[in-house]
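Residue numbers (this note's numbering): 243 to 709.
Written below as structure tokens is the structure these notes are about.
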Amino acid sequence: MSVSASSTSLRAGAAGLPPRSRSGGRMALAAVLLGFFTIMVDAMIVNVALPSIGDGFGSGMTGLQWVVDGYTLTFAAFLLSAGAISDRIGARQAFAVGLGLFVAASVVCGLAPDLGVLVAARLVQGAGAAMVVPSSLALLRETFPDPAERAKAIALWGVSGSVGAAAGPVAGGLLTVIDWRMIFFVNLPVGAVALALLKRAQPSPRREVPFDWTGQVAAVAAMGALTYAVIEAGAEGIGTPRVLVAFAVAVVAAVVYLVAQARGRHPMTPLPLLRSRTMSLSVAIGFALNVGFYGMIFLLGLYLQQVHGLSALATGVGFLPMTVLTSFMGPVAARLATRFGARIPVIIGQSLMAGGLLAMVAVPGGAPVWLSVVLMVPVGAGGAMAVTALTALLLETVPAERAGVASGVLNAARQLGGALAVAVFGALVADRTGFVSGLHSGLLIGAAVVAVSIVATWLLEPVRRTR
């Protein structure tokens, strides 16, 4: 998830706030924690329900890929401008709009009469989630001007996300036992409570921040066309006319995006930032990490149910050791970075990921379930360690005024990596008779991509460590 925050100016003097304002601050914190928790639960909850969704709609692999990628795609694309939107309309207002969109789209997902409506609603869900992440941090920054109080609030924000990610698979499995639609309906009461609490928070200031409409539209078109082309190429073949057209649209849109960033007066992602070696390598590394991690989550969720015959609930429980350990890796990465520099925990994390993925390739289809559960742990833990340290390294090397943009670009690249992994790996396991072979091919690709990214990490400029 993105950790970019709004650049809205902060006002000092938190200690002098009247009691009502202090109460409003607590309400804002509670709203942010609930909202971010909900977003993180949803990032993990859908994967264990995919077989049930497919059975409910009679959908093949292509449809299931779009259920996952519809969300990831818009989440990635709108992360690029979500910080500017938060500044433009105010953090509290942006948080309310984003969470409101997310909750409303969740209800539509739950009521969807067919797969097309479900995918369309997932697209809206992703856009809403993209607005929630940076605006939630911006809201905390302005609600708690005191650095010590703000640090505690942001730490709680991180914990809420970790708990949400850990709870997602189990919650998804439990709710799917009732009905897969419940995984979407559950967002309604939690989101409604968060929005009710948000009403007690003070309104956020607005700023006249220019918006890069050309860049945003081009980014959505490029990512969407590329994802569509890859998914449909797996289903119909890379040489079919509409696949070739989609690839062409992706290329044209990418060129338009780059031109807009080079010539625009207020680009979303200034090209001088992208030309930085640290920035470009970090983007590539973040992309690779999510290819390995989200590709594995997608494949293993299907594997445990379709090959081993586990229920959705048992599958969710199988993910629990990985997700729980993953939630503790942030502090571990921080300690290692302080002692050895940020590159070392990134490389350790990448090595754990690549090793875990390679070990899974060696697991035969008839191996006991516990072996897959155990091997997921180094992949998840390594990914969390690497992402935490990579984000810290990037933010320490870019100018402070570019930190939000840099974080947004990094996290957009990560989400795009996850989307393309689902697009490619889904095609490999579309034929159930060759599922295990396709699974191994996908895991091998993920391991190779992560292993290559280790070289990119060595090329990063080391950041001086704190003694």
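Think of the CB as a built atom: it goes at the ideal place given N, C-alpha and C, for glycine as much as any other residue.
Computed from a prediction, not measured in an experiment: that's the story for all the values here.
Check your understanding: Can you name, in chain order, every residue of its own chain whose Cβ lies under 6 Å from the Cβ of L322, other than the five neighbours on each side?
Key -> The residues are A461, M510, G650, A654.
Check your understanding: So what's F278 in DSSP terms, helix, strand or just coil?
Key -> helix
Exercise for review: May I ask which residues mark the beginning and end of the alpha helix (DSSP H) holding S524?
Suggested key: 519 to 548 is the extent of the alpha helix (DSSP H) around S524.
Practice item. Mark I480 as exposed unless 16 or more other C-beta atoms lie within 10 angstroms of its C-beta, in which case mark it buried. Key: exposed
Exercise for review: State the CB to CB distance for the pair L544 and L552, rounded to an integer number of angstroms; the pair is presumed to be in contact (CB under 8 Å).
Suggested key: Going by Cβ atoms, the distance from L544 to L552 rounds to 11 Å, so no, they are not a contact pair.
Point to revise | Three-state secondary structure assigned by DSSP to T482 | key: Correct three-state label for T482: coil.
Check your understanding: From what residue to what residue does the alpha helix (DSSP H) around M510 run?
Key -> Counting along the chain, M510 falls outside any alpha helix (DSSP H), and DSSP gives it neither H nor E.
Review point. How should A270 be labelled, buried or exposed, when 16 other C-beta atoms within 10 angstroms of its C-beta is the threshold for buried?
Key: buried
Check your understanding: Looking at M571 and A623, is the spacing between their C-beta atoms short of 8 Å?
Key -> yes
Practice item. Look at the alpha carbon of H508 and the alpha carbon of I396, and state the distance between them as a whole number of angstroms. Key: Cα-Cα distance, rounded: 29 Å.
Point to revise | Supposed close pair A369, L341 - CB separation, criterion 8 Å | key: Going by Cβ atoms, the distance from A369 to L341 rounds to 12 Å, so no, they are not a contact pair.
Review point. Just the Cα atoms here: how many angstroms apart are Y499 and L516?
Key: Computed Cα separation, rounded: 13 Å.
Review point. Less than 8 Å separating the beta-carbons of D692 and L531?
Key: Reading off the sequence, residue 692 comes out as Val, not Asp. Closer than 8 Å, so yes.
Point to revise | Through-space distance from A436 to A443, alpha-carbon basis | key: 11 Å
Review point. Out of P610, V533, F667, T520, which has the shortest C-alpha to C-alpha gap to A645?
Key: T520
Exercise for review: May I ask you to verify whether the segment 555 to 569 touches the segment 577 to 597, counting CB pairs closer than 8 Å and requiring at least 3?
Suggested key: no
Exercise for review: Could you check if V501 is buried or exposed, using at least 16 other CB atoms within 10 Å of its CB as the buried criterion?
Suggested key: exposed
Review point. Given I586, which residues of its chain have a CB within under 7 Å of its CB, disregarding the five upstream and five downstream residues?
Key: L578
Check your understanding: For L275 versus S402, is the C-beta spacing smaller than 8 Å?
Key -> yes
Check your understanding: Nearest CA to the CA of P512: which residue from A648, A318, V288?
Key -> Closest by alpha carbon: A648.
Practice item. State the Cα-Cα distance for the pair P355 and D421, rounded to the nearest angstrom. Key: 14 Å
Review point. Straight-line CA distance for A488 to A672?
Key: 21 Å
Practice item. Determine the contact status of A663 and Y536, defining contact as a CB-CB distance below 8 Å. Key: yes
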